[in-house]
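Only one structure is covered here, and it is reproduced in the block below.
Protein chains in written order, with our numbering: chain X, 1 to 598; chain Z, 1001 to 1190.
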């Protein structure tokens, strides 16, 4: 708080210098400024707009768009509880209320002394060790009432988070099953050297032979993506690592970046070598900001060892470097064109495709966007060859896949399985009993019931980005669907009407059902809205937003029916109660001042 | 413009379709738009009989085939009227932005209704110091709602207002027994 006495210029000037007054670095500038000033005031926005020579509306739109930027004071301590369904199952609501009580606070309001505010946020990627929260962007996992008490005491003491005991911020890897990727020892530079030995064209051929497909969910063939980028006419190309792991229930990228960062960076460098790109970006979700420091140290070590920078391995013209960009709490930025917009310092609104990023991406130059896990896989192919790689997994889904297992099981964590593994095998391995449902690939994925547990994880059958949430026999699948409905309404970027309005209407109807005012009519409407969003939404977020909810309706209808009224229709709100305020101010209580229940 | 309607009356004594219309918290703009069907209203009344409507000045609605509702639900009287329509109409249609989504009246939804009433009736010079409280006056709801939050609605015609041609197309489709379809340029939200 003492910083506020310093003038804005004194704080902003070094930050702007560090970012070369480059407006494409607006998000990074705002992060740095907010770290110093706690929030982005209208004066700050105006100052930045002038300095960066961009319209103030652009600064405002960025601050408004991202949920981790604040235009108003948020307190010295900003606490955000992860609100994924797995956190809810572990009782995050009670812990949330407990903390609010202890601090005498209302949700999302700053305490009178400006010390602290407490709110909810979407999944923070700690589902295997929840319930979890973020305090000034640092994660605290395994929350218990006692832990909440300790956090409250520390907050009240005013001790800066950086000085808190480090055990609070311990994040476990929980690797439960390791295969090719997680079990192989890492030697810095091995993969890059192997790739260089093959030559750019040779490496590309190996990539295509391996039939490696993107691990972010869509499953596009990586080799083809690289080839398209390599063959497009341009003076500049870019490699982007998509580490905006926002899909509820996924946390594999967090583990990879925390303990296997070398694989990721070498994969990027090989991609640069193969496609001719000289610059790489890791777009890291803000929830993983705690990893930045260790990642930067790793990059420094790679540079010192000559595996990044100019003339890598002494090869003339093999230049490649990597920079880390932070997101700011927007799920939609996991979509590659939205991510690129964000990387350019704008609000993360998906672009119209085509053109695709491989020909027209970052700064309208050819850009390869690959998932963290995909890039790790590249190092396996570099070291052991495409033909070897193709030997694992299934025909159309080669290699192994990391699954982020969470929910009702004895051993939540990361499981590396060859593609083609049955759902039932994963359940057995993680010690899940009496399972009624598994949600695969997050809120945008599919919900499977027990009669489908013989199905396999593979692009041919059940494709996944890695999220694997398990629901035991005591879980209410309606609550699961409600959580997803709230998630999408919150995360819709608002650009297109079918998604912006559709996700809100679905949420309203689910909440109407939750309070016992729903009828069959709402169920039909939700399914109709799903079709509308699927057909008309601008990007994948809206197109998939209704899927899991409708899966639940189809497969777990009794869970919905028990909330439904048998009436033809019920109003969405309490009519009698809605006149209460008017009765109060007019001092009326006659018969006409009541509507009665109907 | 459309011949399906005018061709029907030639057949002997087919029961006319009963239509009721009303404006809740609206500006009657949608009803003005209804009148924009101009001389086609003559074709319409050959197959349609109006029940409760500002056109007939009938005060209460009997059993009807179609009910058209303009305006949003803002006070207790709106609720009673809307319930009467729902009880009596086989098909209930929300027509116009207010009925469909709350529209302009819903702009007050971010205000506390008590504060709003006080500001209008008590805090201005030249007026009294009391919020009107006569029993004759309907009480205001704390929030303005689109009609589908109070009763079940069968169809929605967006627009502020929907054009006369839009209303004509929709209603004649319905009367002819088709699934009503609105496409560009008749389907508009402004």
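By construction, the Cβ of each residue, glycine as well, lies at the ideal position given by its N, Cα and C atoms. Only a predicted model underlies this, so the values are computations on that prediction, with no experimental measurement involved.
Residue of the options minimising C-alpha distance to residue i
i	options	result
residue 548 of chain X	X:422, X:569, X:248, X:257	X:248
residue 262 of chain X	X:441, X:214, X:474, X:184	X:184
residue 453 of chain X	X:464, X:444, X:467, X:435	X:435
residue 383 of chain X	X:495, X:187, X:228, X:469	X:187
residue 1058 of chain Z	Z:1100, Z:1021, Z:1042	Z:1021
residue 111 of chain X	X:123, X:75, X:88	X:75
residue 448 of chain X	X:467, X:456, X:438	X:438
residue 513 of chain X	X:563, X:521, X:290	X:563
residue 1018 of chain Z	Z:1036, Z:1088, Z:1080	Z:1088
residue 72 of chain X	X:484, X:403, X:45, X:487	X:45
residue 339 of chain X	X:19, X:9, X:24	X:24
residue 415 of chain X	X:113, X:401, X:155	X:401
residue 1118 of chain Z	X:208, X:593, X:582, X:287	X:582
residue 484 of chain X	X:533, X:432, X:545, X:426	X:545
residue 1077 of chain Z	X:440, X:88, X:579, X:589	X:579
residue 553 of chain X	X:236, X:298, X:522, X:532	X:522
residue 153 of chain X	X:122, X:103, X:180, X:202	X:103
residue 209 of chain X	X:231, X:388, X:278	X:388
residue 537 of chain X	X:357, X:350, X:175, X:344	X:350
residue 42 of chain X	X:51, X:56, X:31, X:29	X:56
residue 347 of chain X	X:17, X:59, X:54	X:59
residue 496 of chain X	X:177, X:507, X:459, X:535	X:535
Interface partners of residue i on chain X, CB under 8 Å
i	result
residue 1040 of chain Z	In chain order: nothing, as chain X lies at least about 32 Å away.
residue 1157 of chain Z	Per Cβ cutoff of 8 Å: no residues; residue 1157 of chain Z is ~17 Å from chain X at best.
residue 1108 of chain Z	Correct list: empty, because the minimum Cβ distance to chain X is about 12 Å.
residue 1152 of chain Z	521, 568, 569
Partner residues on chain X for residue i, Cβ-Cβ distance less than 7 Å
i	result
residue 1149 of chain Z	571, 572, 573
residue 1079 of chain Z	575, 595
Paired residues, beta bridge with residue i - DSSP
i	result
residue 437 of chain X	X:471
residue 588 of chain X	Residue 588 of chain X is not bridged to any residue.
residue 147 of chain X	DSSP lists no partner for residue 147 of chain X.
residue 456 of chain X	X:422
residue 1089 of chain Z	Z:1064
residue 447 of chain X	X:439
residue 1075 of chain Z	Z:1140
residue 401 of chain X	X:417
Distance CB(residue i)-CB(residue j) smaller than 8 Å
i	j	result
residue 138 of chain X	residue 83 of chain X	no
residue 336 of chain X	residue 281 of chain X	no
residue 362 of chain X	residue 240 of chain X	yes
residue 216 of chain X	residue 331 of chain X	no
residue 133 of chain X	residue 79 of chain X	yes
residue 492 of chain X	residue 540 of chain X	no
residue 1099 of chain Z	residue 1066 of chain Z	no
residue 256 of chain X	residue 376 of chain X	yes
residue 606 of chain X	residue 510 of chain X	Lying outside 1 to 598, the shown extent of chain X, residue 606 of chain X is not represented and no answer is given.
residue 253 of chain X	residue 373 of chain X	yes
residue 1189 of chain Z	residue 1146 of chain Z	no
residue 99 of chain X	residue 148 of chain X	yes
residue 671 of chain X	residue 490 of chain X	Only positions 1 to 598 of chain X appear in this structure, which leaves residue 671 of chain X out of reach.
Beta-carbon separation (whole angstroms), residue i vs residue j, contact threshold 8 Å
i	j	result
residue 572 of chain X	residue 1084 of chain Z	Contact doesn't hold; Cβ gap of about 20 Å is too wide.
residue 419 of chain X	residue 399 of chain X	7 Å
residue 242 of chain X	residue 364 of chain X	Wrong, their Cβ atoms sit about 19 Å apart, outside the cutoff.
residue 27 of chain X	residue 342 of chain X	6 Å
residue 569 of chain X	residue 1144 of chain Z	19 Å between Cβ atoms; not a contact.
residue 559 of chain X	residue 477 of chain X	4 Å
residue 407 of chain X	residue 89 of chain X	7 Å
residue 131 of chain X	residue 92 of chain X	4 Å
residue 273 of chain X	residue 320 of chain X	7 Å
Amino acids of chain Z, ordered along the chain, whose beta-carbon sits closer than 8 Å to that of residue i
i	result
residue 585 of chain X	1113, 1114, 1117, 1118, 1131
residue 331 of chain X	Neighbours of residue 331 of chain X on chain Z: none; closest Cβ ~26 Å, over 8 Å.
residue 659 of chain X	Any answer about residue 659 of chain X is impossible in this case: the structure gives chain X only from 1 up to 598.
residue 588 of chain X	1133, 1135, 1139
residue 87 of chain X	Ordered by position in chain Z, no residue passes the 8 Å Cβ test against residue 87 of chain X, which lies about 31 Å from the chain.
residue 35 of chain X	Going along chain Z, no residue has its Cβ under 8 Å from residue 35 of chain X, so there is no contact; the nearest lies around 33 Å.
Chain-ordered chain Z contacts of residue i [CB-CB under 7 Å]
i	result
residue 579 of chain X	1076, 1139, 1141
Residues that residue i contacts on chain Z, provided the C-beta gap is smaller than 9 Å
i	result
residue 108 of chain X	Per Cβ cutoff of 9 Å: no residues; residue 108 of chain X is ~17 Å from chain Z at best.
residue 474 of chain X	Correct list: empty, because the minimum Cβ distance to chain Z is about 33 Å.
residue 531 of chain X	Per Cβ cutoff of 9 Å: no residues; residue 531 of chain X is ~16 Å from chain Z at best.
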